[in-house]
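Notes follow once the structure below has been shown.
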Amino acid sequence: MRFNEKVAVVTGAGSGLGLLSAQQYAGEGAKVVLVDVNAQAIETAAEEIRQSGGEALAVPTDIRSYEAITQVVTRTVESYGRIDILANIAGGNPHRVCNCPGGFEEMSLEAMDWGIDVNFTGPIYFSRAVMPTMMQQKSGVIINLGSVGGVVGGSGAVIYGAAKSGLIGLTKSLALAGAPHGIRAVCVSPGPVLTREAMAGIKTPLGRAATPEEVTKFILYLSSEDAAMISGSNHLIDGARACGGYR
Ligand SMILES: NC(=O)c1ccc[n+]([C@@H]2O[C@H](COP(=O)([O-])OP(=O)(O)OC[C@H]3O[C@@H](n4cnc5c(N)ncnc54)[C@H](O)[C@@H]3O)[C@@H](O)[C@H]2O)c1
Numbered sequence: 000m001r002f003n004e005k006v007a008v009v010t011g012a013g014s015g016l017g018l019l020s021a022q023q024y025a026g027e028g029a030k031v032v033l034v035d036v037n038a039q040a041i042e043t044a045a046e047e048i049r050q051s052g053g054e055a056l057a058v059p060t061d062i063r064s065y066e067a068i069t070q071v072v073t074r075t076v077e078s079y080g081r082i083d084i085l086a087n088i089a090g091g092n093p094h095r096v097c098n099c100p101g102g103f104e105e106m107s108l109e110a111m112d113w114g115i116d117v118n119f120t121g122p123i124y125f126s127r128a129v130m131p132t133m134m135q136q137k138s139g140v141i142i143n144l145g146s147v148g149g150v151v152g153g154s155g156a157v158i159y160g161a162a163k164s165g166l167i168g169l170t171k172s173l174a175l176a177g178a179p180h181g182i183r184a185v186c187v188s189p190g191p192v193l194t195r196e197a198m199a200g201i202k203t204p205l206g207r208a209a210t211p212e213e214v215t216k217f218i219l220y221l222s223s224e225d226a227a228m229i230s231g232s233n234h235l236i237d238g239a240r241a242c243g244g245y246r
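Numbering of the sequence shown is given in numbering that gives the first Met the number 0, commencing with residue 0 and proceeding in unit increments.
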């Protein structure tokens, strides 16, 4: 129960890594605020957490809106009194999410904007919005979900890679800005993760994609007191994919 009495706000909590992280934070005692555009998914997940004896609040939110994010922060503080963890997990490659299968040269403006706004601007907005609360508490952890694409790039990830790369820089500066106030920031950059069957087809030197649990267990470790000296860093979980040599 590493997160007893802690409050975790998790974006992208409607599916995949965000959902599993929210469930695991709750399983270790945290009060969890689930944030996603998919209202039904987070309502269901929050209800399941409550049925298991945990505390959870679903707040349907589009993280592209700063106003909506400030409302999440206000509601969280009104409901639970504090914010110990912000896990910026919502994201995705706009080629897939916005159904733009062609190359970068064919990508629509709408898809480019979605890719930057959800993967990069949303985490900036959310980090900004929680900072005053965390500074007042003199503690807090911000987890940014990057990608190996933000470290090595990818021909099918021009916008996605740029946004995820930006998260690594955001994390470093947040760590410096937050350090005098007891706030840590870390970035986790997975290679392929089996939140979708298709990810099994993406190669790594270790010969497989990561399981979602292999990523979320590390997110929870970084969020915990065990990681009290880890801040400003980016952590690959990619089976050595960023080292190259797998083709
Ligand atoms: N799965 C992988 O292979 C992989 C690899 C590297 C990095 N990542 C990153 O991990 C994170 C989670 O990936 P996943 O596979 O669990 O994805 P997922 O698609 O299962 O979950 C993403 C969630 O974000 C939500 N979302 C989308 N737009 C939003 C918005 N505007 N506001 C609020 N919520 C929004 C979606 O509704 C969805 O529930 C993403 O940031 C992704 O880029 C995933």
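Beta carbons: idealized from backbone N, C-alpha and C, even for Gly.
| Query | Result |
| --- | --- |
| Please determine whether the Cβ atom of Asn233 lies at a distance below 6 angstroms from any heavy atom of ligand 1. | no |
| Is it right to say Asn92 is buried, meaning 16 or more other beta carbons lie within 10 angstroms of its own, or is it exposed? | buried |
| Run the proximity test for Val192: is its beta-carbon closer than 6 angstroms to any non-hydrogen atom belonging to ligand 1? | yes |
| What's the C-alpha gap between Ala209 and Val36? | 25 angstroms |
| With a floor of 4 residues, list each alpha helix (DSSP H) that falls wholly inside the segment 72-135, ordered by position along the chain. | 93-96 and 108-115 |
| Judging by CA-CA distance, which residue of Ser51, Val185, Tyr124 and Asn3 is the nearest neighbour of Arg81? | Asn3 |
| Short of 6 angstroms in beta carbon distance, which residues of its chain neighbour Tyr159, apart from the five on each side in sequence? Order them along the chain. | Asn92, Gly114 and Gly148 |
| Who pairs with Pro191 in a beta bridge, going by DSSP? | Per DSSP, none; premise fails for Pro191. |
| Out of Ser230, Val72 and Thr170, which one is the CA nearest neighbour of Pro131? | Val72 |
| Should the segment 222-241 be called in touch with the segment 160-179, which here means at least 3 C-beta pairs below 8 angstroms? | yes |
| DSSP three-state label for Val36, please. | coil |
| Do Val185 and Ile229 have their beta-carbon atoms positioned less than 7 angstroms apart in this structure? | yes |
| Residue range of the beta strand (DSSP E) that Gly139 falls in? | Gly139 to Leu144 |
| Quick test of your reading: Ala7 and Ala128, contact by CB under 8 angstroms. State the CB separation rounded to the nearest angstrom. | About 15 angstroms; that fails the 8 angstroms criterion. |
| Starting from Val214, trace the alpha helix (DSSP H) in both directions and tell me its first and last residue. | Pro211 to Ser222 |
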